[in-house]
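Enquirer: Below is a structure I'd like to ask you about.
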Amino acid sequence: MNTSLRLNHYWITCADGLEALLQEEIEQLGTKVTERKAGRLIIEGTLEHAYRICMWSRLASRVLLPIHTYELEHTHDARDVAEELYEGAISFDWSLIFAPQSTFAIRLHAEREIKVNTQFATLRAKDGVVDSFMEAVGRRPSIDTKQPEITLYVLAGKTEHTYCLDLSGDSLHKRGYRRYMTDAPIKENLAAAILQKAQLQQRNPEIVLDPMCGSGTFIIEALMILTDRAPGLVRRFGFNGWHGHDRELWLSLKAEAAERHEKALELPLPKFYAYDADWEAVKATRENIIAAGFEKVLGQIQIEERTLADWPDFSAEGKTAFIVTNPPYGERLGDKASNRSLYLGLSALLQKHFPNQYAAIIAAQIEQADVLAFEAPETLRLMNGKLPIYIRFGSIKPEKVTQPFLATWQAQPIEMEEAQDFANRLQKNMAALKKWATKENVYCLRLYDADLPDFNVAVDLYGDRLHVQEYAPPKTIDPEKAKNVLI
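With the working numbering applied, the sequence shown covers 85 to 571.
Here it is as structure tokens:
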């Protein structure tokens, strides 16, 4: 096979929803996108273009070089996909791509309409590669599913199977700095996509804040963007064992990336604030920042254990700010009421401390994002692994100043037996929730939700603040009577 004929055609994969942003990024890197599909872009370019994407793409998942296409003669329902994959693999001389001394692994992806036992089909594709080596050179390569020198990505299709060399090796979202994990972290390339969609660099903020920083992914990705740090600078790739690898070209691109980063580190940086209520998350953030190579700029990063109720007074600083965070949601937090309370509390704090500043907030449900007080908000839906997430972008509305209620008449206290019942219920709910809230570091919660028929209100606690809302009465109730229920 003449491999040079195929070195101008590559597939770049990404998470669902990132295709448009990835195309914009790739074109900024000087590469032409010829086709855009769900979760995949097809590009035309040289090996240098492919290497640059490996080095510089913050959003891509994999860079694939299609090596061999096996066209199918029959596509009936009773087809044996696993055997087709074996036949496709053995029909190509893989010794032209890598040496039998190299270790390799197969990553199989089947199109949705293809019904196949993925584990067994992967084994059969592997058998085909091994048997191809035995026929060609009389030796076979070894399998290493954890850290292979060569990764072959196989796409099982309806009319053909495509065998690709995965130049990225591991997924490109793995930058090599995440030494410590927290619950449900966001992937690095999704964090970078959110920062790029929010135009972090163009906004040139003086403050970058993540109030629920988890393992520090947003802070680190922001540092990488603002210091012109290539995400592929220190990680391993999947092309070192490939016969077509141009080592000199790769080393020159690596030297260029290192030089750009060193120059950018000489420029002023914003002040970074990484807060979390969990001490383990604070520790993870600090260690991951050091692992990412940013120990020199730790003086610009305040990493502290703080709850939402324990923020310093940012409003007094009067600086331009950029806020981004991935609040705990779903199983990490609890029920929907707790989720909503958290987002309401966060929104109130943002309005108080950062009016008219820009923010990007992740939510698991669109209803959570809807309570955020943003001007002209934008929403982006992405997949974080198998979990759909919504990112709400926008400028934070200024805090409304609430004036005391004034009446032309002298208000008189109203004594009701039910009022004591209401007070007792609040105390009971608080006692029941206090232990759980302390253990889980929850500081925004729903204390009361129309538990008693005469007090049809919701009471939410945000740190040291209470927010009381009255539910709309049924249409059968006289509006004038309803107006005086709580006054």
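Even for Gly, the Cβ is constructed at its ideal location relative to N, Cα and C.
Taking only runs that begin and end inside the region 274-330, name each unbroken beta strand (DSSP E) of 3 or more residues, in chain order.
Expert: 291-294
Enquirer: Among residues of its own chain, excluding the 5 on either side of F321, which ones have a beta-carbon nearer than 7 Å to its beta-carbon?
Expert: One-based indexing of the sequence shown puts residue 321 at position 237. Excluding sequence neighbours, F321 sits near C138, L251, S252 and G253.
Enquirer: Alpha carbon to alpha carbon, how far is D100 from P412? Give it in angstroms, no decimals.
Expert: In the sequence shown, counting from the first residue as 1, residue 412 sits at position 328. In the sequence shown, counting from the first residue as 1, residue 100 sits at position 16. Using only the alpha carbons, I get a separation of about 22 Å.
Enquirer: Assuming the contact rule is C-beta atoms closer than 8 Å, R196 and Q280 should be a hit. Round their C-beta distance to whole Å, please.
Expert: As a first step, residue 196 must be located in the sequence shown, where it is residue number 112. As a first step, residue 280 must be located in the sequence shown, where it is residue number 196. That pair is no contact at about 29 Å.
Enquirer: Does the separation of the CB atoms of K242 and I291 fall below 8 Å?
Expert: Residue 242 sits at position 158 when you count from the first residue of the sequence shown. Residue 291 sits at position 207 when you count from the first residue of the sequence shown. Taking 8 Å as the Cβ cut-off, K242 and I291 do not qualify as a contacting pair.
Enquirer: For the beta strand (DSSP E) containing Y555, list its first residue and its last residue.
Expert: Locating residue 555 in the sequence shown gives position 471, where the first residue counts as 1. From DSSP, Y555 is part of no beta strand (DSSP E); its letter is neither H nor E.
Enquirer: Based on DSSP bridge pairs, tell me the residues matched to F182.
Expert: Within the sequence shown, residue 182 is the residue found at index 98, counting from 1. Partner(s): W326.
Enquirer: Counting pairs of Cβ atoms below 8 Å between the region 346-365 and the region 301-317, do you hit three or more?
Expert: yes
Enquirer: Kindly indicate which three-state DSSP category T492 falls into: helix, strand or coil?
Expert: Position 408 of the sequence shown, counted from the start, is the residue given in the question as residue 492. A caution first: T492 carries a pLDDT of 40, below 50, which makes its placement in the model unreliable, though a value can still be read off. Here T492 sits in coil by DSSP.
Enquirer: Taking R262 as the reference, which of D538, F506, E451 and A376 has the closest Cα?
Expert: Within the sequence shown, residue 262 is the residue found at index 178, counting from 1. That would be A376, whose Cα lies nearest to the Cα of R262.
Enquirer: If you reduce the DSSP assignment to three classes, tell me which class S88 lands in.
Expert: Position 4 of the sequence shown, counted from the first residue, corresponds to residue 88. Any reading at S88 is ruled out, since the residue's pLDDT is 39, under 50, leaving its predicted position unreliable.
Enquirer: For N468, report the span of its alpha helix (DSSP H) as first-last.
Expert: Working through the sequence shown from its first residue, we reach residue 468 at position 384. DSSP places N468 outside any alpha helix (DSSP H); the residue lies instead in the beta strand (DSSP E), whose first and last residues are F458 to N468.
Enquirer: Give the DSSP-derived three-state secondary structure of Q449 in the structure shown.
Expert: Translated into positions along the sequence shown, residue 449 becomes position 365. Looking at Q449 - three-state DSSP - the assignment turns out to be coil, as it is neither helix nor strand.
Enquirer: Name the two residues that bound the continuous alpha helix (DSSP H) containing H133.
Expert: Position 49 of the sequence shown holds residue 133. Residues L131 to W140.
Enquirer: By how many angstroms is the C-alpha of V318 removed from the C-alpha of L335?
Expert: Within the sequence shown, numbered from 1, the residue matching residue 335 stands at position 251. Within the sequence shown, numbered from 1, the residue matching residue 318 stands at position 234. Roughly 12 Å between the two C-alpha positions.
Enquirer: F204: buried (16+ other C-beta within 10 angstroms of its C-beta) or exposed?
Expert: Working through the sequence shown from its first residue, we reach residue 204 at position 120. Exposed, since its Cβ has fewer than 16 Cβ neighbours within 10 Å.
Enquirer: So, does the region 257-275 touch the region 299-308, judging by three or more C-beta pairs under 8 Å?
Expert: yes
Enquirer: Going straight from the alpha carbon of L428 to that of Y532, what length do you get?
Expert: Sequence index remark: in the sequence shown, residue 428 carries index 344 (1-based). Sequence index remark: in the sequence shown, residue 532 carries index 448 (1-based). Cα-Cα distance, rounded: 15 Å.
Enquirer: Under 7 Å Cβ to Cβ from W178, same chain only, skipping five residues before and after it: list those, please.
Expert: The residue labelled residue 178 in the question sits at position 94 within the sequence shown. Listed in chain order, the non-local C-beta contacts of W178 below 7 Å within the same chain comprise V213, S216 and F217, local neighbours out to five positions each way being set aside.
Enquirer: Give me the residue from A166, L207, A432 and P225 with the minimum Cα distance to F182.
Expert: One-based indexing of the sequence shown puts residue 182 at position 98. The shortest C-alpha separation from F182 is found at P225.
Enquirer: If you draw a straight line from the C-alpha of T404 to the C-alpha of P289, how long is it?
Expert: Locating residue 404 in the sequence shown gives position 320, counting from the first residue. Locating residue 289 in the sequence shown gives position 205, counting from the first residue. Between T404 and P289, the C-alpha separation is close to 5 Å.
Enquirer: Quick test of your reading: F188 and H152, contact by CB under 8 Å. State the CB separation rounded to the nearest angstrom.
Expert: Residue 188 sits at position 104 when you count from the first residue of the sequence shown. Residue 152 sits at position 68 when you count from the first residue of the sequence shown. Going by Cβ atoms, the distance from F188 to H152 rounds to 14 Å, so no, they are not a contact pair.
Enquirer: So the candidates are F378, P557, A358 and T115; which of them puts its Cα closest to the Cα of H345?
Expert: Translated into positions along the sequence shown, residue 345 becomes position 261. Per the Cα distances, F378.
Enquirer: Anyone know if the C-beta pair for L256 and L236 falls short of 8 Å?
Expert: For the purposes of this step, residue 256 is taken as the residue at position 172 of the sequence shown. For the purposes of this step, residue 236 is taken as the residue at position 152 of the sequence shown. The answer is no: Cβ separation not under 8 Å.
Enquirer: Looking at the C-beta of Y474, does it have a partner C-beta in chain C at a distance below 8 Å?
Expert: Absent here is chain C; the protein component of the structure consists of one chain.
Enquirer: Would you identify the three-state DSSP class for A444, choosing helix, strand or coil?
Expert: Residue numbering aside, residue 444 sits at position 360 when the sequence shown is read from its first letter. A444: strand per DSSP, three-state reduction.
Enquirer: Taking the runs of the beta strand (DSSP E) that are 3 residues or longer, which of them lie wholly in the region 351-430?
Expert: 355-360, 385-389 and 405-409
Enquirer: Comparing alpha-carbon positions, which option in R146, K210, S145 and T130 lies nearest L169?
Expert: On the sequence shown, position 85 is the one that residue 169 refers to. Taking only the C-alpha atoms, the option nearest L169 is K210.
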